[in-house]
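Trainee: If you read the sequence shown in our numbering, its first letter stands for residue 1016, the second for the next number, and so on.
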Amino acid sequence: MELIWKELPGERIIYTGVSQGAVEGGIPLPEGRSAKEILSYTGEVAISSSSAREGEIAIEGVVKIDLICMDDKVFAFTSSAPFTHRIAADGVREGMRAEVRSALQSLEINKGEGGITLNAVADINAMVTASGGAKVLDGISGIEDGEQQRQEMTLYERAGESRGSFRLREEIEAPFATEVLYSEVHGVLRDVSPGKDGICLEGTLYISALVQSRTGAMSQLSQAIPFTQTVDGEALTPMWGEVRVSGCQVRGAEDFGVVIADVELTYRTWGRAGGRSDAVTDTFSPTVPFECTHGLIRTSSYCGLSTQRQSVSENIMIPDGMPEAARVVYATARPMVTSYGIENGVLTAEGLLFTRILYTAESGCIFAFNEDIPFSVNMEAQGATDAMIYGVAAASAAGGGRSVELNCTLILIADLYCTGGFEAVTGIEECPQRPPHQGITVYFASAGDTLYSIAREYNTSRTNLLRMNDLPEVLQGGERVAFMG
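1. From VAL1352, ALA1268 and ASP1464, pick the residue whose C-alpha is nearest to that of GLY1493; which is it?
2. Which one of GLY1161, ARG1116 and SER1461 has the shortest CA to CA distance from ILE1074?
3. Can you check which of these residues, ILE1469, PRO1241 and HIS1452, is closest to ALA1460 by C-alpha distance?
4. I believe THR1322 touches ILE1428 by the beta-carbon criterion, under 8 Å. Please report the beta-carbon distance rounded to the nearest angstrom.
5. Take ASN1385 and list the residues in its own chain whose beta-carbon comes closer than 6 Å to its own, dropping the five residues that flank it on each side.
6. So with Cβ pairs under 8 Å, would you call VAL1361 a contact of chain C?
7. Give, in chain order, every unbroken run of the beta strand (DSSP E) that is at least 3 residues long and sits entirely within the region 1219-1295.
8. For the region 1022-1042 against the region 1309-1317, do three or more pairs of beta-carbon atoms, one drawn from each stretch, fall closer than 8 Å, so that the two count as touching?
9. Kindly list the residues whose CB is nearer than 6 Å to the CB of MET1016, restricted to its own chain and excluding five residues on each side of it in sequence; keep chain order.
10. With a threshold of 16 other CB atoms inside 10 Å of the CB of GLU1444, please say whether the residue is buried or exposed.
11. Only counting the same chain, and skipping five residues up and downstream in sequence, which positions put a Cβ closer than 6 Å to that of SER1391?
12. Would you kindly check if the distance between the Cβ of GLY1256 and the Cβ of GLY1213 is under 8 Å?
13. What number of angstroms, rounded off, separates the C-alpha of GLU1185 from the C-alpha of THR1193?
14. Just the C-alpha distance for LYS1211 and LEU1367, rounded to the nearest angstrom, thanks.
15. In the DSSP assignment, find the beta strand (DSSP E) that holds GLU1052 and state where it starts and stops.
16. What are the residues that DSSP puts in a beta bridge with ALA1439?
17. What's the C-alpha gap between THR1353 and ARG1449?
18. Along the alpha helix (DSSP H) that carries ASN1479, what are the first and last residues, could you check?
19. Determine the direct distance from the alpha carbon of SER1095 to that of GLY1041, and round the result to whole angstroms.
20. Once DSSP output is grouped into helix, strand and coil, what is the label at SER1468?
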């Protein structure tokens, strides 16, 4: 006899975990500028590459910090520095897929005698998967009366990945804006589908800009702009994808009364492959003596991408000791997911929105303060047990006096997986021949009995049980099963 093995579809999760990386150093000011005051700052770790190596995950990217400062007048600039990080991960090998998401858990920008200093801690959520599922027994050749118990499952893995980039130009009506001091741009996909000439991406650009008028008055310009773009790639059903802003320039065009945003987006799309499969969880033969050895087979199946958009509104009090607000100038928000759970097909993610609000007082001076706002978001996660989550936010604020009203669009995106395991046959061993059962046997089934379990207990075959009984494979309990040895 010969054991027949096969490989299950799906991806094996080799490693999953969260690592922290410290980022610190000096931030150079633009030439000719001095920061008398830091009004606002935000940042991100943009991962450019992540790769699985022998026993570790290698991560490269940049730490990007956006600052709004003041000397004689308000100015803004962006500073970036290379970022590298290594995560020790047992079982990880070269060529495996490494998925990494990052978020700044804490970010401190301080002004000192030597300039501006940065102290930040990045949370790096990593998952390493290997293509192809576990090796399982599919059958035994050379045994004519072999009986098998099998377990069915549905397993998928990512497939058909496509990458590229495209540019968008958008115009926002702003007759009062003569200069753009600072801007934030986020891109989020709403839908990915096969198109006539490639892959159709539908999404939204969230553009926020701090603009200045001829009189020097500053205000926030916020716009959510839908877009549709056809890109090259393998069209699959179903499909998922994501976009990331890799470059942007937002500038004023006073003569035309608009603000122009030139945005470069990099995209990644993918589908999945796999489907129904099964494995032998137990087997025996009434005539050939052997016993099975069993082991736990771990499985992982890719469930897709889930995206949830949620509006967050919060009335925020200006901290004691600060003057009242005459007018809100700018608001920004950075989301951080702190925990999540999946129950009954719903993913509940909880976290904090780190917000920064700039306002002018009656004196005309600009003031700023922080406020951390908790959030809870429910997302569809049918069939999933694990997820990797990241988010973006676009904020604006209005009001005056001792309070301001913050309005934020929060978008969370979750990569979903289903992990599990089952006991399956990993090998067979020789054993003594069991004596044949003699005579007529009458067996009364218990709940949970199957024809296979009865046949195994009495060392007979399902065919023999069905000669005198018309019964289903799974018994309810109380059925009379009669057979001859």
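All C-beta atoms in this analysis are idealised placements derived from N, C-alpha and C, irrespective of residue type, glycine included.
Mentor: Reading it off the structure:
1. Among VAL1352, ALA1268 and ASP1464, the Cα nearest to that of GLY1493 is on ASP1464.
2. For ILE1074, the closest alpha carbon among the candidates GLY1161, ARG1116 and SER1461 is that of ARG1116.
3. It is ILE1469.
4. 5 Å
5. ARG1371
6. No chain C is present in this structure, which holds just one protein chain.
7. 1233-1246 and 1255-1268
8. yes
9. ILE1155, GLY1157 and ILE1158
10. exposed
11. GLU1365
12. GLY1256 sits away from GLY1213, with the two beta carbons spaced by 8 Å or more.
13. 17 Å
14. 42 Å
15. 1052-1068
16. GLY1310
17. Rounded to whole angstroms, THR1353 to ARG1449 spans 58 Å at the Cα level.
18. 1477-1482
19. 11 Å
20. helix
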